[in-house]
Every structure is written in structure tokens, then in C-alpha cells.
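Student: Starting off with a structure, shown below.
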Amino acid sequence: MLTPPPRRVAIAAYPKLSESLLIVEAIQKWLQEHGLEAICGRIDDPTLRAEVQAGKVDFFVIAGGDGSMLRSAHLCAPLAIPILGINLGRLGFLMQVRQNEWPEAFEKLLAGNYWIEERMMLRAEHWREDIAQGNWHALNEAVVCRGTTIRPIQIMASADGHLLTTYVADGLIASTATGSTAYALASGGPILPPELRNILLVPIAPHLSVDRAVVLAEGSTVSLVVRDGEAVLSVDGQAPLPLQVGDEVKIRAGDYAARFVRFGDPGYFYRNLTAYMNQNPSTGVSR
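Just remember that our numbering sits 149 ahead of the position in the sequence shown, which is counted from 1.
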């Protein structure tokens with residue numbers, strides 16, 4: 150069954166890549182020539198973001214890298230707006246369309262020859278003395294880790310009210326399946342298929358503590374309590390928030406999911422994964 154084509158599209162450019170703005174302008178012109186409404190701008194453009202947040206677009210295109218996709222997900226997921234990523238970065242785990250392939254991709258899009266992949270996000274809540282301090286949604290991960298002091302911290306981790314362990318480590322990553330190919334992977338965690346709705350816990354440089362990742366059951370709620378040390382909370386790599394001893398970070402499945410546009414069969418994930426493992430674009434060296 151074909152998927153309905155978009156009607157009004159927002160196209161965003163990553164501001165630090167000069168070619169991205171040229172690409173989004175070319176896409177805007179192409180879409181308008183094919184009878185669609187299209188607006189374009191930088192991902193941090195307040196006018197563009199306001200249009201999206203007001204529900205005035207039904208489709209979002211981002212030209213950039215995985216970091217741009219994270220920002221796009223934060224913007225679009227609350228409104229269930231599908232996101233199509235055009236890869237201008239080095240890795241592009243979240244992307245499926247290469248820079249020079251976007252015209253073919255949009256031909257498929259207008260023909261309805263695509264599908265929507267939903268990926269779980271996390272909701273992280275910061276509590277201090279039973280008073281909520283704030284909450285955030287993450288596509289990749291929420292991390293409780295040491296701050297500027299170079300010494301391990303102690304984090305008491307529980308799942309659904311049951312104590313798992315107290316980690317003595319540089320930090321602890323609570324990751325989605327999407328995040329399992331990001332910071333969690335770099336810290337030795339397993340790779341999870343993107344459709345899973347499990348939370349993955351991965352310690353960072355544990356010292357005489359549990360040094361294995363733990364995959365929790367779908368629907369679990371995680372509690373991370375700072376027992377000792379100077380700790381911070383960072384959600385999807387955003388600016389760290391200082392934590393005090395006794396502070397608790399509660400993590401569960403988010404209130405909404407990120408929706409990504411995909412072409413072809415779901416096996417794309419494993420094909421991309423194999424390609425990245427055999428030839429890491431970050432190093433510029435093939436093996």
C-alpha cells in the first residue's frame with residue numbers, strides 16, 4: 150500500500166555546512182515546480198521552527214548529519230511529523246539518502262513509494278528531594294556522568310523499583326535502540342535493532358563495578374541516583390546540567406516517537422551497519 154505524499158514541506162539546512170543551504174534551496178525549487186508548498190531555512194531559524202511547531206507543515210527535510218537529525222527529531226516528534234534526512238555528514242546512521250541522490254528520493258516520495266519507521270524516544274526527569282526540576286526527551290541517550298573533576302562517581306541504578314547495582318564509574322548511559330550505535334556503542338554496548346523499545350544501560354569506564362551492558366525489558370522505568378561525586382546530566386549531547394548528591398534521574402519510554410522516512414526494505418539498517426563497520430568514514434581509512 151502506498152503512503153500518502155506530503156502537501157506542505159519544511160526543508161532545513163545545517164548552519165555550519167555552506168553547501169546545505171544550497172541543497173535545501175534546490176529542493177524547495179524542485180518541490181514547488183512539482184506543485185507542493187515548501188519553505189526552507191536553517192535548522193535554528195526561529196521562523197522555520199515556528200511554522201513547524203504551529204503544525205503548518207506535514208513533512209520535514211533536513212540536510213546535514215546525525216546531529217541535525219537529532220535536532221529535527223526534538224522539533225518534529227511531538228507533532229508526529231515525518232523526517233527525511235539527506236546525509237552531508239561523515240557517518241549518517243540515521244540517514245538513508247545521500248547528497249547526490251535526493252532527486253530520485255523525492256520522485257519516490259511524491260509517488261508514495263516510502264514507509265515510516267518509528268523509533269522510541271526516552272523521557273528523562275530530574276528530581277531533587279521529590280521535587281521535579283525538569284524533563285527532556287532523547288532520541289539517543291540520557292547520560293549521568295562525572296563533571297569537571299577527574300574521578301569516578303557513584304550511581305545507584307534501579308529498574309522498576311528493583312536495585313540493579315551501584316556503579317563506580319565515569320558515568321552511566323541510558324540509551325534507546327537508536328542510541329545503541331552512538332555513545333553506547335563507543336562505550337562497548339551492543340547494537341540493537343532500531344525497532345526495539347528497550348532501554349539499554351551501559352557503564353562508562355567502570356572501576357571494580359559491573360562492566361557489562363544491560364538490556365532492560367520493554368516498558369521498564371530506570372532510576373539513577375547520584376550517591377557520591379560531582380555529576381552532571383546530559384540528554385542527547387546537550388549542555389550538561391549539574392547534579393547534586395541525592396539527585397535522581399528517572400528514565401522511561403517517551404511520550405512520543407521519532408518518525409523517519411525510509412525507502413526500500415527494512416534491511417537497510419544492517420546493510421548500512423556492515424558498511425560502516427568495514428569502512429569507518431570517520432577515519433578516512435578503509436579496511
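We put the beta carbon where it would ideally sit given N, CA and C, even for glycine.
Exposed or buried, what is S435 when buried is set at 16 or more other beta-carbons lying within 10 Å of its beta-carbon?
Tutor: Any reading at S435 must be qualified, since the residue scores a pLDDT of 39, below 50, and its modelled position is unreliable; the value itself is stated next. Label assigned to S435: exposed.
Student: Sort out for me which residues DSSP pairs M269 with in a bridge.
Tutor: Beta-bridge pairing links M269 to A406.
Student: Using 10 angstroms around the beta-carbon of E290, count the other beta-carbons present and answer buried if the total reaches 16, otherwise exposed.
Tutor: The residue in question, E290, is buried, as its Cβ has 16 or more Cβ neighbours within 10 Å.
Student: On a Cα-Cα basis, can you pick out the residue from D404, G337, D360, V364 that is closest to L349?
Tutor: Nearest option by C-alpha distance: V364.
Student: Exposed or buried, what is V394 when buried is set at 16 or more other beta-carbons lying within 10 Å of its beta-carbon?
Tutor: With fewer than 16 Cβ atoms within 10 Å of its Cβ, V394 is classed as exposed.
Student: G216 to I400, Cα distance in whole Å?
Tutor: Going from the Cα of G216 to the Cα of I400 covers about 22 Å.
Student: Determine the extent of the alpha helix (DSSP H) in which H223 is found, giving its start and end residues.
Tutor: Residues 215–225.
Student: Got a sec? Which residues, its chain only, sit under 6 Å from W285 by beta carbon, not counting five neighbours each side?
Tutor: Cβ neighbours of W285 beyond the five flanking positions: A273, V384.
Student: Considering only residues of the stretch 222–263, which uninterrupted beta strand (DSSP E) runs meet the minimum length of 3 residues and lie entirely inside it, listed in chain order?
Tutor: DSSP runs (the beta strand (DSSP E)) wholly in the stretch 222–263: 232–236.
Student: Please classify A326: does DSSP put it in a helix, a strand, or coil?
Tutor: Coil at A326, not helix or strand.
Student: List the residues that DSSP assigns as beta-bridge partners of D377.
Tutor: Bridge partners of D377: Q303.
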